[in-house]
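Okay, so the sequence shown: first residue is 45 according to the working numbering, each after it adds one. Beta carbons are placed, not taken as given, at the ideal position from N, Cα and C, and that holds for glycine. A quick note: this is a predicted structure, and the numbers were derived from the prediction, not measured. As structure tokens, the structure follows; a few thoughts come after it.
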Amino acid sequence: MLKAENITVRYDGNTVLDNVSFILPKGSWLMVAGPNGAGKSTLARALAQGVPYSGKVIYDGVDIASLKPAQLARKLGMLEQSNHLGYSFTVSEIVRLGRYAYRSSPFSKADSDDESLIEKALEYTGLTQLAERSVLTLSGGELQRVFLAQLFAQDPEILILDEPTNHLDLVYQKGVLDLVRQWVKGTGRSVISVVHDLSLARAYGDKALLLSQGKAVAEGAPCEVFCDENLNAVYGMDVRGFLTSLLDQWK
Ligand code: ADP
Ligand code: MG
């Protein structure tokens, strides 16, 4: 079980995340939603130990903040909202970096477990054919899949994904979401993802957290958290009316 207790983040004296708490059982997927600037990415980064915060992140009774970097990388992996690369690594080199936390020494060679996880990660994300390409030549969606593959190769117990389907076409959106769902259910691991698409959040989430102006407006079952009252208050519009009108076009 993952427990976030009173997570608070301040930038230059401004509170951008204010006492956010939630509980996530193993084998479940938490969807974090809310308007631009609500603090979703900040929460994701705080959980992943990427920004200073007050409060506690407890996993299996252990305070995540007490872990050494290699231990942390086995417990938790994060996909950032946007990734940039300045060097001409190949796709498979970037994916391989996901395995470093498992080496006995930084100079030891990859073993067969590493190789099979790297191959599987490339295959799952549809990158096998691109394995030897320079990442500098990839499209946004292809690059997004490279970082996802790196995370799958890292194989942490908790995945934190900040808008994972951002640059992906519909085929890969569905592919990635199904893959993550399979990964959660098959292994009893946990996922926290930031999403804008509330239909996807309802379809794939076991739990939901709605943020607005740094505060948790609601936490719990997606169908309860994403009720008209909460959504209309947070987004300031008739969310259900808008989403159903979009869908009606397809009837
Ligand atoms: P979201 O991901 O929900 O769109 P963010 O977590 O990125 O929102 O940002 C929440 C708020 O914190 C925003 O008002 C943003 O401008 C501010 N913020 C984010 N990162 C920083 C930073 N490094 N320094 C100062 N303010 C920041
Ligand atoms: Mg964000």
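(message) Helix, strand or coil, according to DSSP, for F270 in the structure here?
(response) Indexing the sequence shown from 1 puts residue 270 at position 226. Residue state, collapsed to three classes: coil.
(request) Measure from the alpha carbon of S160 to the alpha carbon of each residue in G83, E176 and R143, then state which is nearest. (result) Indexing the sequence shown from 1 puts residue 160 at position 116. Looking at the Cα atoms, R143 is the closest of the given residues.
(message) Assuming E49 is part of the beta strand (DSSP E), what are its boundary residues?
(response) Position 5 of the sequence shown holds residue 49. It spans L46 to Y55 - the beta strand (DSSP E) in which E49 sits, taken as one unbroken run.
(request) Quick one: give me the first and last residue of the beta strand (DSSP E) that Y103 is part of. (result) Residue mapping note: residue 103 aligns to position 59 of the sequence shown, counting from 1. Residue range S98 to Y103 is occupied by the beta strand (DSSP E) that includes Y103.
(request) Could you tell me the boundaries of the beta strand (DSSP E) in which W73 lies? (result) As a position in the sequence shown, residue 73 is number 29, starting the count at 1. Membership of W73 in the beta strand (DSSP E) is indicated by the continuous run W73 to A77.
(message) Below 8 Å on the Cβ atoms is my contact criterion, and I expect G121 with Q198 to pass it. Report the Cβ-Cβ distance as a whole number of Å.
(response) Translated into the one-based positions of the sequence shown, residue 121 becomes position 77. Translated into the one-based positions of the sequence shown, residue 198 becomes position 154. With a Cβ gap of about 5 Å, G121 and Q198 count as contacting.
(request) Please list, in chain order, all residues with a C-beta atom less than 7 Å from at least one heavy atom of ligand 3. (result) For ligand 3, the structure offers nothing, since it holds only ligand 1 and ligand 2.
(message) Give me the residue from I108, G81, K259 and Y103 with the minimum Cα distance to G94.
(response) On the sequence shown, residue 94 is found 50 positions in, with the first residue counted as 1. Nearest of I108, G81, K259 and Y103 to G94, Cα basis: I108.
(request) Could you tell me if the beta carbon of V60 falls within a distance shorter than 8 Å of some heavy atom in ligand 1? (result) What you label residue 60 is simply residue 16 of the sequence shown in a count that begins at 1. V60 Cβ: within cutoff of ligand 1.
(request) Tell me whether K295 sits in a helix, a strand or coil according to DSSP, three-state version. (result) Residue mapping note: residue 295 aligns to position 251 of the sequence shown, counting from 1. Looking at K295 - three-state DSSP - the assignment turns out to be coil, as it is neither helix nor strand.
(message) Measuring only the C-alpha atoms, how far is F66 from E263?
(response) Looking up residue 66 in the sequence shown gives position 22. Looking up residue 263 in the sequence shown gives position 219. Spanning the two alpha carbons is a distance of roughly 7 Å.
(message) Between A82 and ligand 1, is there a pair consisting of the residue's CB and a ligand heavy atom that are separated by less than 8 Å?
(response) Along the sequence shown, one-based indexing puts residue 82 at 38. Answer for A82: yes, Cβ within range of ligand 1.
(message) Tell me the residue span of the alpha helix (DSSP H) that contains G219.
(response) As a working mapping, residue 219 is identified with position 175 in the sequence shown. Counting along the chain, the alpha helix (DSSP H) containing G219 begins and ends at L214 to T231.
(message) Nearer than 8 Å: is that true of the beta carbon of Y55 relative to any heavy atom of ligand 1?
(response) Position 11 of the sequence shown, counting from 1, holds the residue named residue 55. It does: the Cβ of Y55 is within 8 Å (strictly closer) of some heavy atom of ligand 1.
(request) With a threshold of 16 other CB atoms inside 10 Å of the CB of Q194, please say whether the residue is buried or exposed. (result) If you number the sequence shown from 1, residue 194 lands on position 150. In the assembly as shown, Q194 is a buried residue. Its beta-carbon has 16 or more other beta-carbons within 10 Å.
(request) Please say whether D206 and Q125 have beta carbons closer to each other than 9 Å? (result) What you label residue 125 is simply residue 81 of the sequence shown in a count that begins at 1. What you label residue 206 is simply residue 162 of the sequence shown in a count that begins at 1. The beta carbons of Q125 and D206 sit closer together than 9 Å.
(request) For the region 180 to 214, list the alpha helix (DSSP H) runs that are entirely contained and at least 4 residues long, ordered along the chain. (result) The region 180 to 214 contains these whole alpha helix (DSSP H) runs: 184 to 198.
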